[in-house]
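Worksheet for the structure shown next.
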Amino acid sequence: MQYLKDEMRSKIIEKALIEFQEKGYSGASIRNIAKYSGTSPGNIYKYFKSKDDLYENLIGSVYFKIMGCMGQFSKVELNEKAETVFYELMGNILAIIEESSVELSILLNKSSGSRYENCKSTFIGLISEIITGMISYELASKGKKLKDSFIICLLSNSMVESISIILTEKEDSAEAKALILALIDIFFGNLAEKLSEQA
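Mapping of the sequence shown onto the numbering used here: residues 271 to 469, in sequence order.
Okay, here's the thing in structure tokens:
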């Protein structure tokens, strides 16, 4: 009996992912998820209290994993080892992307109307803060000062938007990861050196 319950729960989750991916949080309906799962809306409510609860079960853990990794950046002591730690933490984020690319795509692109609808601006703000701290440290070690961090905000915005597009367009998570790594290099590779010319 427990096996059947686990099987039904897995089927609901599988069909809910498809529904949220196609229609977003606002457009998704429990009725459709029930139909595609071969069950009734009433039965879905035995597993999940509401559409919000179902969405939270699918998307919340990915959001909090990403936020947890980003939170680790703020604990990194800015010194000569910071860049190594930064790349280790980036590796952790990329592992989450590879493992949960569908959920992350939904989070970034289809969260309107949910509690995560502002996640992009949250991620952009955190990335800007992390990169600004690292660049400021690197420039200070050369006796220079970052005059304006606006360009870092623009790059962070472009990075998050680009990741959103990649996750929508590329179903292969390994390919998505490779593209994101290339973007990180294009956007942030030797950034301190480029900005030092303006400092």
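Glycine included, C-beta positions come from ideal geometry on N, C-alpha and C.
Exercise for the section: Would you tell me roughly how many angstroms separate the C-alpha atoms of Asp322 and Glu353, rounded to the nearest one? Expected result: A straight line joining the alpha-carbon of Asp322 with that of Glu353 spans about 39 Å.
Exercise for the section: Within the same chain, show all residues whose beta-carbon is closer than 8 Å to that of Ile421, passing over the 5 residues directly before and after it, in chain order. Expected result: If we look at Ile421 and ignore the five residues flanking it on each side, its Cβ neighbours are Leu465.
Exercise for the section: Check whether the region 330-342 touches the region 392-410, taking contact to mean three or more Cβ pairs, one atom from each stretch, closer than 8 Å. Expected result: yes
Practice task
Please confirm whether any heavy atom of the ligand HEM lies closer than 7 Å to the CB of Ser371.
Solution key: With respect to the ligand HEM, the structure offers nothing, as it holds no ligand at all.
Exercise for the section: Rounded to whole angstroms, what's the CA-CA distance from Gly330 to Ser411? Just pull it up for me. Expected result: 39 Å
Handout entry: Alpha-carbon to alpha-carbon, Asn427 and Leu453
Key = 12 Å
Handout entry: N-terminal and C-terminal residue of the alpha helix (DSSP H) that Val372 is part of
Key = Note, Val372: alpha helix (DSSP H), 371-379.
Exercise for the section: Can you give me the start and stop residues for the alpha helix (DSSP H) that Lys464 sits inside? Expected result: First-last of the alpha helix (DSSP H) with Lys464: 461-466.
Handout entry: Coil, strand or helix - Lys281 by DSSP
Key = helix
Problem - C-alpha distance - Asn313 paired with Ser307, whole-angstrom precision - result: 10 Å
Handout entry: The alpha helix (DSSP H) enclosing Ile422, as first and last residue numbers
Key = Per DSSP, the unbroken alpha helix (DSSP H) holding Ile422 starts and ends at 420-439.
Exercise for the section: Taking Ser382 and Tyr295 to be in contact with their CB atoms under 8 Å, please state how far apart those CB atoms are, rounded to whole angstroms. Expected result: With a Cβ gap of about 6 Å, Ser382 and Tyr295 count as contacting.
Practice task
Determine the DSSP secondary structure at Ile303, reduced to helix, strand or coil.
Solution key: helix
Problem - Same chain, Cβ closer than 6 Å to Phe318, neighbours up to 5 away in sequence not counted - result: Leu324
Exercise for the section: Can you give me the Cβ contacts of Tyr386 inside the same chain, cut-off strictly under 7 Å, excluding the 5 residues immediately before and after it? Expected result: Ile329, Tyr333, Leu377
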